[in-house]
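Contents: one structure, followed by commentary.
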Amino acid sequence: MSGSIRLAWQRRRVPDVTSDTERLAASLPSIAGRLNAPRRALVETTVGGEPRLVDRELVTVVREEWRVVDRWWTDDPVDRRYFEVVLESGRNVCVYRDGERRCWFTQRA
Amino acid sequence: MVACLLIPGFELRAALRLRPRLALVPAALAPEPGEEPLLGPVTAAAETAGVTPGMRLGEALATCPSLVLVDRDPATVEREWEGVLRRLEDAGFAVDPVEQGVVVFETKGVERLYGGVRPALARALEAVGSGWDPRVGAAARRFTALAAASVARPGQTLIVAEKEEESFLEPLPLSLLPLPPDRYAELEGLGLRRLGDFTQLPQGAVAERLGVEGRNAWRLARGGRRAKVRGRKPAFELAEALAFPEAVANELTLRRALGSLLERLLARPERAGRPFRKLALAARLVDGGSWRRAVTLRDATAELARLRSALGPKLVELPCPILELRLEAVELAEHTGQQLALVEPAGEEVGVRLREGLRQVRASTGTGSVCAVVEVAPWSRIPEARALVVPRDV
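These protein sequence lines map, in sequence, to chains A and B.
With positions in the first sequence counted from 1, the corresponding number in the numbering used here is that position plus 386.
Take the second sequence: its letter number 378 is residue 377 in the numbering used here, and every next letter is one higher.
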């Protein structure tokens, strides 16, 4: 998501551009961005691999857990273990561990 | 004087722009899928190895096992050709494109500007660029100019004076004439190999044996009619493109992307209310090639639903997943009037207010600040693959 915003802002039009530059800008393709792209999260886990701390906040309940394994036939396979957790502050957060990259992300599932 | 600028094997040259190394090895343009397996233009290395354009694929591979087949790239070819034409137009030539790689223009209007015919033609070659190996021929008549360009060397300018036209055309091969292949074979069977041999025949006899096309070819072999070259109306650049974050093959996703592109194209102020007469849909394929289909509408229209139903079925013809979809307005109708509705459709007023609101947001925050969420694969198990954020700059 953030990547798409940055790209969109790079194409911001300057008021006094020449017609050639405008024509060139118009011919460039718009980059479609991802909605709900995952963001990095700081997660500490228990021995069983369940999140204990998410972004330095204590997890009170793990509400649900599921796995997504997909696109294993491509160069960019997906292997994720999702957790829907409730934090100490009462916030409901969805995090997952990426089995391919071996790191944690947060995302609205 | 009429000039003809020729770039032999333009389709192959354009397809090799991104893979210049292949130009040095035996390579040929692959046959069109689903058509007769005949090769397109070939590189010089392939020609040295005995492969010729139009050769059967099996024969070519038997002759030269290391032959590389280059996939057709119609979108790149179209773009590069438009670039060549625009550069010539920028240099002051009113061009009349015959086909991709062949363009005709009058030098009369620019001779004084550049100081004569030869400097004007040199300027045309310079405008096109030496990378394309263009050659140019000039004569009083169109066909002679084309013949002169086809015998000129790369970068050479060949001018045929009016009184030398007949003697110039005489020794040239019959293949310059626009005849079907079986006609060439028929003429060769009769012992005719040169244009001069053909023009020796009486016109009536040629017309009787070869019909109308034979009579036209006979006239061309004598230089053809003296006709004025009409420059094309410069193409209007009106296009919208959408690049996907990953390769897309799903028809629903493609149709939604097309809908988004149509909305953006319809909202372009350059259209000035004119409906579309002809549109082209192009795509960049995941394997590096491209795909292009042009659609001429029976009635020029600017109605979203009708445009969708005219272009949508073309998406089924895509051969593989794509990385970018592009929609080009090839031709706009001249009229702007539209039949008004007696009763405005429900929700029209809300739509107008919304568009005006978005216009004001864009005006205050800049291009790219307004985006639309396009749901592309709501069934996907991967959350970020369910929808795309598409900028709406117009």
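Beta carbons are placed, not taken as given, at the ideal position from N, Cα and C, and that holds for glycine.
Taking Cβ to Cβ, would you say residue i is nearer than 8 angstroms to residue j?
i: B:Arg325; j: B:Ala238; result: yes
i: B:Glu250; j: A:Asn422; result: no
i: B:Ala151; j: B:Ala144; result: no
i: A:Glu470; j: A:Arg457; result: no
i: A:Arg453; j: A:Arg467; result: yes
i: B:Leu120; j: B:Val97; result: no
i: A:Val429; j: A:Val440; result: yes
i: B:Cys370; j: B:Ala148; result: no
i: B:Glu45; j: B:Ala27; result: It is worth fixing the name first, because residue 45 of chain B is Ala in this sequence and not Glu. Yes, Cβ-Cβ distance for B:Ala45 and B:Ala27 is below 8 angstroms.
i: B:Leu322; j: B:Val285; result: yes
i: A:Val464; j: A:Val472; result: no
i: B:Arg141; j: B:Gly223; result: yes
i: B:Arg117; j: B:Ala90; result: no
i: A:Gly419; j: B:Val373; result: no
i: B:Leu264; j: B:Leu219; result: no
i: B:Val329; j: B:Leu310; result: no
i: B:Thr198; j: B:Arg225; result: no
i: A:Glu443; j: A:Glu474; result: yes
i: A:Val479; j: A:Trp490; result: no
i: B:Pro133; j: B:Leu341; result: no
i: B:Thr300; j: B:Pro274; result: yes
i: B:Ala146; j: B:Glu161; result: no
i: B:Val1; j: B:Val228; result: yes
On the DSSP bridge assignment, give the partners of residue i in chain order.
i: A:Glu470; result: A:Glu450, A:Cys480
i: B:Ser289; result: B:Arg283
i: B:Pro96; result: B:Val102
i: B:Val41; result: B:Ala27
i: B:Phe275; result: B:Thr300, B:Leu331
i: A:Val429; result: A:Val440
i: B:Glu374; result: B:Ala386
i: A:Asp465; result: A:Val455
i: A:Gly419; result: B:Val388
i: B:Glu323; result: B:Ala242, B:Arg283
i: A:Phe361; result: For chain A, the structure presents residues 387 to 495; residue 361 of chain A sits outside this window and is missing.
i: B:Val109; result: According to DSSP, which records beta bridges pairwise, B:Val109 is partnered with nothing at all.
Taking three-plus beta-carbon pairs below 8 angstroms as touching, is the region 244-263 of chain B in contact with the region 337-353 of chain B? no
Quick one: any contact between the region 8-21 of chain B and the region 73-81 of chain B, if contact means 3 or more CB pairs under 8 angstroms? yes
Output, in sequence order along the chain, the residues in the region 213-244 of chain B whose CB is closer than 9 angstroms to any CB in chain A. Glu236, Leu237, Ala238, Glu239, Ala240, Leu241, Ala242, Phe243, Pro244
For the region 419-435 of chain A, enumerate the residues whose C-beta is nearer than 9 angstroms to any C-beta of chain B, in chain order. Gly419, Arg420, Leu421, Asn422, Ala423, Pro424
Contacting positions in the region 445-479 of chain A - beta carbon closer than 7 angstroms to chain B: Val454, Asp456, Val464
In chain order, which alpha helix (DSSP H) runs of at least 4 residues are fully inside the region 325-372 of chain B? 347-364
Taking 8 angstroms as the cut-off, does the region 176-185 of chain B touch the region 33-44 of chain B (at least 3 CB pairs, one atom from each stretch)? no
Chain A contacts made by the region 297-331 of chain B, where a contact means CB separation under 9 angstroms: Glu323, Leu324, Arg325
Does the region 154-174 of chain B come close enough to the region 192-203 of chain B that 3 or more CB-CB pairs lie under 8 angstroms? yes
Taking Cβ-Cβ distances below 9 angstroms as the criterion, which residues of the region 376-389 of chain B are in contact with chain A? Ser379, Arg380, Ile381, Pro382, Glu383, Ala384, Arg385, Ala386, Leu387, Val388, Val389
Ranges of the alpha helix (DSSP H) found wholly within the region 119-189 of chain B, counting only runs of at least 4: 141-150, 164-168, 180-188
Within the chosen definition, does the region 315-333 of chain B reach the region 288-296 of chain B through at least 3 CB pairs nearer than 8 angstroms? yes
So if I threshold CB-CB distances at 8 angstroms, which residues from the region 352-378 of chain B count as touching chain A? Gly365, Thr366, Gly367, Ser368, Cys370, Val372, Val373
The region 101-113 of chain B contacting the region 57-66 of chain B, beta-carbon criterion three pairs below 8 angstroms: no
What residues from the region 479-493 of chain A come within 8 angstroms of chain B, judged by C-beta to C-beta, listed N to C? Gln493
Complete runs of the beta strand (DSSP E) confined to the region 183-257 of chain B [at least 3 residues]: 238-247
Validate contact between the region 82-95 of chain B and the region 123-131 of chain B using beta carbons, cut 8 angstroms, 3 pairs: yes
In chain order, what are the residue ranges of uninterrupted alpha helix (DSSP H) at least 4 long that sit wholly in the region 48-75 of chain B? 56-62
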